[in-house]
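> Starting off with a structure, shown below.
In this note's numbering, the protein residues as written are 202 to 674.
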């Protein structure tokens, strides 16, 4: 958005492509419906006595308290109040999707105040979010889910979430910082590093880059190990390239979040070491690609900063990541998360890239071997095997088969060159079956299975199905 409120569409060459997992955090599994109905849920429940007491806390009251305790100045208190009041006045003039978007951001601010989460260090980010949403929804165009926007006086990357307005996409913004580092665009690199330094808050005694909206069951504010690690990685790179030690010091303060247990921090202890979490609010979500990329970022920072503590954190995480990889490796593809479904082609490609990066950075044989194995899965055709070999004439039979990885599996049954049955569907790894209305004529039928995986590799298997005569009554 330009300073006069007009909007120009363009591609930011430093920003990871739209839809790239390095540009946006995916929603936790089974959480898409939660995102879509977040606003409705927030207003549907009858408030408990505790919630009613919390509701007595207001944004204005919390600002006054912070000023009274000397945590912010009176000038800052008045400035933030003005931003909040402007947002409320604007909301009364807006209707439809614009009004709902701005209301979502106002609600988030109110809820953080009610929970006592509107701390002094969060105010710059929270009230910048209010201000930018007021600007956008007053003059900007309507947006679709996931669209990214920027403002001409800033390098921050904002992303639209229905019911939540536009929000700083922390991972995407740090991805852009890495892009500016690669492009050696020192002016923009410095500007964005300064902005993200100012955007940081204190969480669990650590410097953190938080998300300030409801997402996948998480309440604002929440954090992500993947975004945090990409942050300290990109700031360390900026410090080195710009010869600006202040950015390295900022990154160093961010390392402490990896020492804090969830849900405040971004890790959980395990028997092997520690697991770094894609979402601070979802310790049960064991997402392989996010974990591996966290290790890549932590390792890159540790090398540049020569930080012994970061090296210890990397080592503890790397021990657990080996176990998570083994639990996610199906022998033909990978699971998106431990105990979950298979990754789609985007995340399979991504985890391959991240594992390769970890191999290159760490020179650890385990990850180099895993990288070769996972790269092979992208070229390996699915293996298919027929399970059902006999059916009864005139019946409706489930013709079962097994496939080694998620694929579109076609089944054709012929006799003497004439097709009796043909169908296909995309199925996950393991046993499945298609329903066949068996002809009345007994005999041998030729079964052909073809499977095409998400990478386009095709496998084939054949078998003979014996159709038995109709059972005697």
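Every residue, glycine too, gets a C-beta built ideally from N, C-alpha and C.
This one's a predicted model, so the numbers in the text were calculated from it and none came from an experiment.
Can you tell which of 415, 445, 530, 573 has its C-alpha closest to the C-alpha of residue 506?
Here the closest residue by C-alpha is 445.
> Taking Cβ positions, are residue 408 and residue 460 nearer each other than 8 Å?
Not in contact: residue 408 and residue 460 (Cβ atoms no closer than 8 Å).
> Starting from residue 398, trace the alpha helix (DSSP H) both ways and give me its first and last residue.
387-400 is the extent of the alpha helix (DSSP H) around residue 398.
> Could you tell me the distance, in whole angstroms, from the CA atom of residue 609 to the CA atom of residue 599?
When rounded, the distance between both Cα atoms is 18 Å.
> Would you list, in sequence order, the uninterrupted beta strand (DSSP E) runs of no fewer than 3 residues that lie entirely inside the segment 335-374?
Correct list: 359-362, 366-369.
> By the DSSP assignment, the alpha helix (DSSP H) with residue 495 in it spans what residues?
It spans 489-506 - the alpha helix (DSSP H) in which residue 495 sits, taken as one unbroken run.
> Kindly indicate the opening and closing residues of the beta strand (DSSP E) around residue 654.
Unbroken beta strand (DSSP E) run through residue 654: 644-654.
> Taking the runs of the beta strand (DSSP E) that are 3 residues or longer, which of them lie wholly in the segment 549-613?
For the segment 549-613, whole beta strand (DSSP E) runs of length 3 or above, ordered along the chain, are 585-587, 591-593, 597-604.
> If I'm right that residue 387 touches residue 434 with Cβ under 8 Å, what's the distance once you round it to whole angstroms?
Actually they are not in contact, since the Cβ atoms of residue 387 and residue 434 sit about 18 Å apart, beyond 8 Å.
> Which full runs of the alpha helix (DSSP H) of 4+ residues lie inside the segment 268-296, going along the chain?
For the segment 268-296, whole alpha helix (DSSP H) runs of length 4 or above, ordered along the chain, are 275-294.
> According to the neighbour-count rule (16 or more other Cβ atoms, all chains shown, within 10 Å of its Cβ), is residue 533 buried or exposed?
So residue 533 counts as buried.
> Could you tell me which of 321, 320, 323, 289 sits nearest to residue 308, measuring between CA atoms?
Of the candidates 321, 320, 323, 289, the one whose C-alpha sits nearest the C-alpha of residue 308 is 289.
> Helix, strand or coil: which one does DSSP assign to residue 213?
It is coil, neither helix nor strand.
> Would you mind working out which of 585, 580, 518 sits nearest residue 601, comparing C-alpha positions?
Taking only the C-alpha atoms, the option nearest residue 601 is 585.
> Given 8 Å as the limit, is there contact between the segment 496-505 and the segment 478-488, that is, 3 or more CB pairs closer than that?
Because the criterion of three Cβ pairs below 8 Å is not met, the segment 496-505 and the segment 478-488 do not touch.
> In three-state terms, what does DSSP make of residue 443?
In the structure shown, residue 443 sits in a helix (DSSP, three-state: H, G or I).
> How about residue 593 and residue 671: are their beta carbons less than 8 Å apart?
Yes, Cβ-Cβ distance for residue 593 and residue 671 is below 8 Å.
> Within 10 angstroms of its Cβ, does residue 660 collect 16 or more other Cβ (buried), or is it exposed?
By the neighbour-count rule (16 or more Cβ atoms within 10 Å), residue 660 is buried.
> Counting along the chain, where does the beta strand (DSSP E) carrying residue 622 start and finish?
Residues 619-628.
> Taking 8 Å as the threshold, find out whether the segment 331-344 comes into contact with the segment 267-278 through three or more Cβ pairs.
In short, these stretches do not touch, since the Cβ pair count stays below three.
> On the premise that residue 479 lies in contact with residue 426, defined as a C-beta separation below 8 Å, what is that separation, rounded to the nearest angstrom?
Right, their Cβ atoms sit about 7 Å apart.
> Helix, strand or coil for residue 471? Go by DSSP, reduced to three states.
Reduced to three states, the DSSP call for residue 471 is coil.
> Along the chain, where does the alpha helix (DSSP H) containing residue 522 start, and where does it finish?
Start and end: 509-529.
> Does DSSP put residue 301 in a helix, in a strand, or in coil?
Correct three-state label for residue 301: helix.
> Leaving out five residues before and five after residue 421 in sequence, what residues of the same chain have Cβ atoms less than 8 Å from its Cβ?
So the qualifying residues of the chain are 309, 312, 313, 318, 411, 412, 413, 414, 415.
> Within 10 Å of its beta-carbon, does residue 525 have 16 or more other beta-carbons around it, so buried, or fewer, so exposed?
By the neighbour-count rule (16 or more Cβ atoms within 10 Å), residue 525 is buried.
> Do residue 556 and residue 540 have their CB atoms nearer than 8 Å?
Against a cut-off of 8 Å, the Cβ pair of residue 540 and residue 556 comes out as no contact.
> Who does residue 631 pair with in a DSSP beta bridge?
According to DSSP, which records beta bridges pairwise, residue 631 is partnered with 604.
> Under 8 Å between C-beta atoms, does residue 286 make it to chain D?
Of the protein chains in the structure, only one exists, and it is not chain D.
> Hey, out of 484, 366, 431, whose CA is closest to residue 299's CA?
Closest option to residue 299, Cα to Cα, is 366.
> Between residue 359 and residue 346, what straight-line distance do the alpha-carbon atoms span, to the nearest angstrom?
Computed Cα separation, rounded: 12 Å.
> Quick check on the DSSP output: the beta strand (DSSP E) that includes residue 659 runs from which residue to which?
That run of the beta strand (DSSP E) goes 659-669.
> Distance, Cα to Cα, residue 390 vs residue 492?
Taking the straight line joining both Cα atoms gives about 26 Å.
> How about residue 558 and residue 579: are their beta carbons less than 8 Å apart?
No, the Cβ-Cβ distance between residue 558 and residue 579 is not below 8 Å.
> Quick one: Cα of residue 449 to Cα of residue 395, how far?
About 12 Å.
> Is the beta carbon of residue 393 closer than 8 Å to that of residue 429?
No, the pair does not count as a contact, with Cβ atoms beyond the cut-off.
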